[in-house]
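Enquirer:
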Amino acid sequence: KYANMTHGIICKSVNRILIGKTYWKCVILPSLLQNIGIIKFNQKEISKLQTIENGVYRKILEGRDNTPISVLRGEIGSSLMETRFIESKLLMAKSIIEGENELTKKILAKVREDRKNTWNNQVNTYLQKIGMNYNEIYTLTKIEIKNKVKKWDTQKWREELEKRTSTHIYRIFKTEIKVEQCYDNRLESKILFQARANTLELNKRKRYKQEDPKCELCGYKEENLIHFLIECKELEESRNKELIKKCKDENKELMAGKILFEKDEIEEIKCMLGKMWRYRKRKLEEINRNT
Numbered sequence: 217k218y219a220n221m222t223h224g225i226i227c228k229s230v231n232r233i234l235i236g237k238t239y240w241k242c243v244i245l246p247s248l249l250q251n252i253g254i255i256k257f258n259q260k261e262i263s264k265l266q267t268i269e270n271g272v273y274r275k276i277l278e279g280r281d282n283t284p285i286s287v288l289r290g291e292i293g294s295s296l297m298e299t300r301f302i303e304s305k306l307l308m309a310k311s312i313i314e315g316e317n318e319l320t321k322k323i324l325a326k327v328r329e330d331r332k333n334t335w336n337n338q339v340n341t342y343l344q345k346i347g348m349n350y351n352e353i354y355t356l357t358k359i360e361i362k363n364k365v366k367k368w369d370t371q372k373w374r375e376e377l378e379k380r381t382s383t384h385i386y387r388i389f390k391t392e393i394k395v396e397q398c399y400d401n402r403l404e405s406k407i408l409f410q411a412r413a414n415t416l417e418l419n420k421r422k423r424y425k426q427e428d429p430k431c432e433l434c435g436y437k438e439e440n441l442i443h444f445l446i447e448c449k450e451l452e453e454s455r456n457k458e459l460i461k462k463c464k465d466e467n468k469e470l471m472a473g474k475i476l477f478e479k480d481e482i483e484e485i486k487c488m489l490g491k492m493w494r495y496r497k498r499k500l501e502e503i504n505r506n507t
C-alpha cells in the first residue's frame, strides 16, 4: 500500500529523486517505523521492508529489475533497513540510561537480566554485528554510536559491491554512500544511472538466454558497456569527442568510469549518452525493419 502511494507520487513529480526520496523518508518511513526501538521485528519482516524500499528506489532512479541493491543505495544515499533498526534500539537504550526516569531504568535493567527476552537478545545480536559491547552504550556518545552503526552499514555496502563482478567499475569510482544530485526526469538521467549500474539493455544480456550477444550496429562479438561507451564505430559520431579525449585511458574500464563519474561535466556526459542511446535505438529499428 505505502509503496504504491509512493510510486504514484514519484510518477507525478517534477523531480523524481528529490520528491520521491523526501516523500519516502519523511512521510512513509516514519509511519512504518514507529517505535522500532521498542518493538521486536524478526529478520523476515525487516527483509520485507527492505524489499519494499528497494522497489521504491528502483522506481525513483528508473532502474531495471536486475539493478544491484548496493548501486541503488549508493546513488540514492540510503542506509540498510536493518541499520535503522540497530541504531534505533541502541539509541533508545542510551536515552533511557541517560534519562531521569528511574522506572524505565529499572525496567531496562530487568530486561537485560532476562536472557530469554527477545528484545534483549536482538540488542545483543545487533551489538555483536557492529562490534560493540553493552557497556559502550554507557561510555560512548550518541554521535559515536551512530558513527559505529554507519561504519558497519558502509562496510556491508562495500562487501556487496565486492561480491558482484558487474559492479567493478562502480566500486572504483563510487567511494561513499551519498545521494547523487545529477539525476532528473529526462531519459539522459535514466541512461546514466543504468550505465553506472551496468544494467543497460545491451546485447550482452542475451548470453544468459543462449542467444547471440554481438553488437547489431557494428557486428562486434559482444555488445557490453565498454563497447557501447568507447568502442562501437557506429556510435562514433554521437560521442562528444572532447569529453572522450579528456577521459582517455589505456585501461578501458577506467576510461568508462571516468566518462560515467566525471562530475564537472556531468550534463555534457548525460547529453552524450542520451544522443548515443537514441541513435542506437533508431539504427536497431531500421535493422529490424529490413530483416
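Heads up: the sequence shown runs through residues 217 to 507, numbered per the working numbering.
For glycine and all other residues, C-beta sits at the position ideal for the given N, C-alpha and C.
Treat the numbers as computed from the prediction; the structure is a model and nothing was measured.
Would you decide whether GLU448 is buried or exposed? Buried here means 16 or more other CB atoms lie within 10 Å of its CB.
Expert: What sits at residue 448 in the sequence shown is Cys, not Glu. So CYS448 counts as buried.
Enquirer: CB THR320 to CB ILE312, shorter than 7 angstroms?
Expert: In this structure, ILE312 lies closer than 7 angstroms to THR320 by Cβ.
Enquirer: In the DSSP assignment, the alpha helix (DSSP H) including PRO509 goes from what residue to what residue?
Expert: With the chain covering 217 to 507 only, the question about residue 509 has no answer from this structure.
Enquirer: Do ILE482 and CYS398 have their C-beta atoms closer together than 7 angstroms?
Expert: Yes. Within cutoff.
Enquirer: What does the alpha-carbon distance come out to for the pair THR370 and GLU392?
Expert: Answer to the nearest angstrom: the Cα atoms are 8 angstroms apart.
Enquirer: From LEU470 to ILE385, what distance separates their C-alpha atoms?
Expert: Answer to the nearest angstrom: the Cα atoms are 7 angstroms apart.
Enquirer: Compare the beta carbon distance of PRO429 and ASN419 with 7 angstroms and say whether it is the shorter of the two.
Expert: Going by C-beta atoms, PRO429 is nearer than 7 angstroms to ASN419.
Enquirer: How about LEU459: is its C-beta nearer than 7 angstroms to some C-beta of chain B?
Expert: Given the protein chain composition of this structure (a single chain), no chain B is represented.
Enquirer: Return the first residue and the last residue of the alpha helix (DSSP H) that GLN371 is part of.
Expert: Here the alpha helix (DSSP H) through GLN371 covers 358-379.
Enquirer: Report the option in VAL272, SER263 and LYS499 whose CA atom is closest to the CA atom of ARG232.
Expert: It is VAL272.
Enquirer: Nearest to MET297 by CA position, among LEU307, GLU261 and ALA325, is which residue?
Expert: Minimum Cα distance to MET297 is reached at GLU261.
Enquirer: Run through DSSP, which three-state label would GLN426 get?
Expert: The answer is coil: DSSP assigns GLN426 none of H, G, I, E or B.
Enquirer: If you draw a straight line from the alpha carbon of ASP465 to that of LEU441, how long is it in whole angstroms?
Expert: Taking the straight line from one Cα to the other gives about 16 angstroms.
Enquirer: My output table needs one value for TYR399: the three-state DSSP class, helix, strand or coil.
Expert: Reduced to three states, the DSSP call for TYR399 is coil.
Enquirer: Between SER304 and GLY253, which are expected to be in contact by the criterion C-beta below 8 angstroms, what is the C-beta distance as a whole number of angstroms?
Expert: Correct: roughly 4 angstroms between the Cβ atoms.
Enquirer: Entirely within the region 280-331 and at least 4 residues each: give me those alpha helix (DSSP H) ranges in chain order.
Expert: Correct list: 285-292, 297-314 and 318-329.
Enquirer: I need the straight-line Cα distance from ASN467 to ILE446, nearest angstrom please.
Expert: Answer to the nearest angstrom: the Cα atoms are 11 angstroms apart.
Enquirer: Helix, strand or coil for CYS227, going by three-state DSSP, please let me know.
Expert: Helix at CYS227.
Enquirer: How would you call PHE248, buried or exposed, if buried means at least 16 neighbouring beta carbons within 10 angstroms?
Expert: Position check: residue 248 holds Leu in this sequence, whereas Phe was assumed. Per the 10 Å Cβ criterion, exposed.
Enquirer: Would you mind stating whether LYS486 and GLU417 have Cβ atoms separated by less than 7 angstroms?
Expert: Result no, Cβ atoms of LYS486 and GLU417 do not sit closer than 7 angstroms.
Enquirer: Please report how far the alpha carbon of ASN317 lies from the alpha carbon of VAL230, in whole angstroms.
Expert: Their Cα atoms are separated by approximately 47 angstroms.
Enquirer: According to DSSP, is MET348 helix, strand or coil?
Expert: Looking at MET348 - three-state DSSP - the assignment turns out to be coil, as it is neither helix nor strand.
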